[in-house]
Amino acid sequence: MARAKKGSVARRDFLKGVVAGAGTLAASSSPLAANAAAAAPTPRAFPLPAVEGDPPPSTAEVLTVGRTGSDFMVDIFKSLNLEYVCAVAGSSFRGLHESVINYGGNKNPEFITCCHEESSVAMGHGYAKIEGKPLCIFAHGTVGLQHASMAIYNAFCDRVPVYVVIANNRDALSRDPNYGEWAHSVQDAAAMVRDYTKWDDQPASLQHFAESAVRAYKIAMTPPMAPVLLVADSELQENPILEGARLTIPKLTLPAPPVGESAAVAEAARMLAQAENPVIVVGRNTRTQAGIDRLVELAEALQAPVIDMNDRMNFPTRHPLNQSARRNAVVSNADVVLGLEASDFWSAVNTYHDQVHRSSRSLLMPGAKLISITADELYTKANYQDFNRFTEVDMAIAGEGEATVPSLIEETKRQMTAERKRVAQDRGAKLAAAHQKAFEAARDEAAYGWNASPISTARVSAELYAQIKNEDWAMVSILQHFSWWPIRLWAFDKHYQFLGRQGGGGVGYNAPATVGAALANKKYGRLSVSIQDDGDLLFAPAVLWTAAHHRIPLLSVMHNNRAYHEEMMHVQRMADRHNRGIDRAGIGCTFTDPNMDFAKLAQGFGVYAEGPIENPADLGPAIKRAIAVVKRGEPALLDVVTQPR
Ligand SMILES: Cc1ncc(C[n+]2csc(CCOP(=O)(O)OP(=O)(O)O)c2C)c(N)n1
Ligand SMILES: [Mg+2]
Numbered sequence: 176m177a178r179a180k181k182g183s184v185a186r187r188d189f190l191k192g193v194v195a196g197a198g199t200l201a202a203s204s205s206p207l208a209a210n211a212a213a214a215a216p217t218p219r220a221f222p223l224p225a226v227e228g229d230p231p232p233s234t235a236e237v238l239t240v241g242r243t244g245s246d247f248m249v250d251i252f253k254s255l256n257l258e259y260v261c262a263v264a265g266s267s268f269r270g271l272h273e274s275v276i277n278y279g280g281n282k283n284p285e286f287i288t289c290c291h292e293e294s295s296v297a298m299g300h301g302y303a304k305i306e307g308k309p310l311c312i313f314a315h316g317t318v319g320l321q322h323a324s325m326a327i328y329n330a331f332c333d334r335v336p337v338y339v340v341i342a343n344n345r346d347a348l349s350r351d352p353n354y355g356e357w358a359h360s361v362q363d364a365a366a367m368v369r370d371y372t373k374w375d376d377q378p379a380s381l382q383h384f385a386e387s388a389v390r391a392y393k394i395a396m397t398p399p400m401a402p403v404l405l406v407a408d409s410e411l412q413e414n415p416i417l418e419g420a421r422l423t424i425p426k427l428t429l430p431a432p433p434v435g436e437s438a439a440v441a442e443a444a445r446m447l448a449q450a451e452n453p454v455i456v457v458g459r460n461t462r463t464q465a466g467i468d469r470l471v472e473l474a475e476a477l478q479a480p481v482i483d484m485n486d487r488m489n490f491p492t493r494h495p496l497n498q499s500a501r502r503n504a505v506v507s508n509a510d511v512v513l514g515l516e517a518s519d520f521w522s523a524v525n526t527y528h529d530q531v532h533r534s535s536r537s538l539l540m541p542g543a544k545l546i547s548i549t550a551d552e553l554y555t556k557a558n559y560q561d562f563n564r565f566t567e568v569d570m571a572i573a574g575e576g577e578a579t580v581p582s583l584i585e586e587t588k589r590q591m592t593a594e595r596k597r598v599a600q601d602r603g604a605k606l607a608a609a610h611q612k613a614f615e616a617a618r619d620e621a622a623y624g625w626n627a628s629p630i631s632t633a634r635v636s637a638e639l640y641a642q643i644k645n646e647d648w649a650m651v652s653i654l655q656h657f658s659w660w661p662i663r664l665w666a667f668d669k670h671y672q673f674l675g676r677q678g679g680g681g682v683g684y685n686a687p688a689t690v691g692a693a694l695a696n697k698k699y700g701r702l703s704v705s706i707q708d709d710g711d712l713l714f715a716p717a718v719l720w721t722a723a724h725h726r727i728p729l730l731s732v733m734h735n736n737r738a739y740h741e742e743m744m745h746v747q748r749m750a751d752r753h754n755r756g757i758d759r760a761g762i763g764c765t766f767t768d769p770n771m772d773f774a775k776l777a778q779g780f781g782v783y784a785e786g787p788i789e790n791p792a793d794l795g796p797a798i799k800r801a802i803a804v805v806k807r808g809e810p811a812l813l814d815v816v817t818q819p820r
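Mapped onto our numbering, the consecutive letters of the sequence shown carry residue numbers 176 to 820.
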């Protein structure tokens, strides 16, 4: 167990002064952590309010102090192996800030300078999806958390752990009006994000902080994972550690993930093995390479098609059983459908029509059976509706997908008789042919408008892949606005090669999340690449400076369609519906007159950038130059003017 180190002489002197001035606490000169009772209460460092006749407070002359609560908090963060803290500086956590950089040596955690709290959290979101664990975020009480809130919501909906620490001045008497500390203080700081965090606490003592800090980490990392929030009271940070305080940091033991009940898993395996056309639908399932490999093993044992909902990197895109491009055909033919962490299972087995009268249609054959395996059953909140449409299933197994698949494989293999294996082999051969046909159709489609300007999204995708495919690459951005071209044409097979989406659909995620993912990829020497939408970058572009300052290698290729194009399509749809023509749908949606110069923007933040690139022939050489920069360990951005989708 880590333990608070001894305090300095200066601090002990200070403590004596406080004790004398306050006149309420028993004096002690014993060194820290020696001969002390466990869990001694933390004293007030400030004197009690002066009353008439009191001598002037002795703290007025005391300007230096040794170890404080914030040093101990840094010890705790070190024990949790938090690699980075992403933050916009804020005086409510000035104690923690200074302890991280000086006492903690600015290593584990290292301070990453951010320019918006939404970027801090989204960086943590992207980082966690690569690294499988959270980094730390500091945010200024109230205003910092208000800025951070949408990114916390995205991470919550995406079931990603983010470790948020905010600061607050609970005690009204310790709020300095000169620094706006009244407006930055709050009775219940976590209230505004409680609906989309898994747990929060405002510890009242350092020992309480230690226990809650370890508890928070454990809760965040237990599936279903989610953000947590800890309030580091400003006084608790800045007060000296009480002489004799015997502070301990509890050891962190992460629970093994919940596994589906064995009899239910055996029954699910029986249903799948007996099925004529089993289908696997996979959502936020896969955390590790072993998770991908096991999903391949399960699919191959059954020769079952896999529909990847693209919420994570789950299944190799060029595996013959990957039938994501044929979802409707495959689901319509299924007699048993297994959903693995399929957070939107309903949408995988239904179609939905955005018309005046909204309607939906089930894709399923009558009598088709649905099995779901998900840890989401273990945790659902009420207010925000990210749990999607209720899906009627025939068997529901509460357990984590990745952790349950191994026993499902074992049972499935046991159930596969020679006859079932022969049926499966025939099915697999047909599916392999269908996969190849769908791939070739996508490749043909990609050739349309090859020489167009603005440049086609398929051409951008192909030009990029040509130059990274022999590298250890990771595509760290969302791809749904890019017609999913990389997913349709590239060979993804490693767990870090794709991260899924924003979770809550909040725009402003992509730029910071890709920087966070690239930060995680840096130590592995991976080449992080991103397709960067223009509208998304405009939310908080200064994260480019963060990438430049911290030498985070990331190639951002812009999908600059000069619009909030998705929204423009909605406005067009409304105009169509009202029979008014779509010619004015750009109002409120397009970024023209004047065009924005993203290369200049990036250069202004110290990032290597080229553009606007409008001629497709210029793209390949520009990508080559940008990759050379990224290989030097820096970010680079190419502003590519593209077709809308
Ligand atoms: C915080 C937030 N504000 C608004 C929206 C609505 N919205 C959804 S997509 C979109 C367009 C984003 O533009 P861009 O990132 O350039 O993508 P494009 O659709 O142009 O490819 C907007 C504004 C949202 N999802 N989140
Ligand atoms: Mg756009």
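Beta carbons are placed, not taken as given, at the ideal position from N, Cα and C, and that holds for glycine.
Other residues of its chain near residue i: CB distance less than 6 Å, five sequence neighbours each side excluded
i: I546; result: A443, L513 and M570
i: G795; result: E638
i: P453; result: L447, L477, A479 and V511
i: L712; result: A686
i: D375; result: A365 and L404
i: F313; result: V260, A262, F268 and V340
i: A649; result: Y671, Q672, N696, R701 and S703
Alpha-carbon to alpha-carbon, residue j and residue i
i: P222; j: A264; result: Because the pLDDT of P222 is 33, which lies under 50, any placement of that residue in the model is unreliable, and the number read from its coordinates should be weighed accordingly. About 28 Å.
i: V160; j: G576; result: Any answer about residue 160 is impossible in this case: the structure gives the chain only from 176 up to 820.
i: Y392; j: I287; result: 20 Å
i: V275; j: V249; result: 6 Å
i: Q362; j: L320; result: 14 Å
i: K799; j: Q642; result: 7 Å
i: S652; j: G683; result: 12 Å
i: E594; j: R369; result: 53 Å
i: F766; j: R676; result: 24 Å
i: A500; j: H656; result: 16 Å
i: L776; j: W720; result: 10 Å
i: T632; j: Y699; result: 29 Å
i: M744; j: K644; result: 33 Å
i: H383; j: L422; result: 10 Å
i: A297; j: A303; result: 10 Å
i: M601; j: Y640; result: In the sequence as displayed, the identity of residue 601 is Asp instead of Met. Distance between the alpha carbons of D601 and Y640: 33 Å.
i: P787; j: A504; result: 41 Å
i: K588; j: V690; result: 42 Å
i: A621; j: P661; result: 11 Å
i: F562; j: A550; result: 12 Å
i: G756; j: V732; result: 33 Å
Pair within 8 Å by beta-carbon distance, residue i and residue j
i: S584; j: L515; result: In the sequence as displayed, the identity of residue 584 is Ile instead of Ser. Not closer than 8 Å, so no.
i: A358; j: T317; result: yes
i: A666; j: T492; result: yes
i: L470; j: N489; result: yes
i: E293; j: H322; result: yes
i: R334; j: M396; result: no
i: S518; j: L538; result: no
i: P159; j: K373; result: Absent from the structure is residue 159, since the part of the chain shown begins at 176 and ends at 820.
i: S266; j: Y338; result: no
i: G270; j: S245; result: yes
i: E789; j: V816; result: yes
Same chain, Cβ closer than 7 Å to residue i, five either side skipped, listed in chain order
i: P728; result: A693, K697, S703, V805, G808, E809 and P810
i: E586; result: V440, A441 and A444
i: K556; result: D370
i: P256; result: The residue asked about is misnamed: residue 256 is Asn in this sequence, not Pro. Within the same chain, N256 has close Cβ partners N283.
i: R618; result: L664
Close-in-space but distant-in-sequence residues of the same chain around residue i (CB under 8 Å, 5 per side omitted)
i: P350; result: Looking at the sequence shown, residue 350 is not Pro but Arg. Excluding residues within five positions, the ones whose Cβ falls inside 8 Å are N344, E356, W357 and S360.
i: M325; result: E293, G679, G681 and G683
i: A723; result: F780, G781, V782, E809 and P810
Near ligand 3: residue i beta-carbon under 7 Å from a heavy atom
i: Y739; result: Ligands displayed in this structure: ligand 1 and ligand 2; ligand 3 is not among them.
Runs of alpha helix (DSSP H) wholly within the region 475–538 (minimum 4 residues, chain order): 502–507 and 520–523
Give the list of continuous alpha helix (DSSP H) stretches no shorter than 4 residues that lie fully inside the region 438–474. none
Jot down the residue ranges of each uninterrupted alpha helix (DSSP H) in the region 602–676, minimum 4 residues, whole runs only, in chain order. 632–643 and 660–664
Suppose only complete runs of 4+ residues qualify. What are the alpha helix (DSSP H) ranges in the region 674–742, listed by chain order? 685–697, 709–714 and 718–724
Suppose only complete runs of 4+ residues qualify. What are the alpha helix (DSSP H) ranges in the region 237–299, listed by chain order? 244–254 and 269–273
Which parts of the region 324–368 are runs of the alpha helix (DSSP H), unbroken and 4 residues or longer, counting only runs that do not cross its ends? none
Note down, one range per segment and in chain order, each beta strand (DSSP E) of at least 3 residues found wholly within the region 750–804. 783–788
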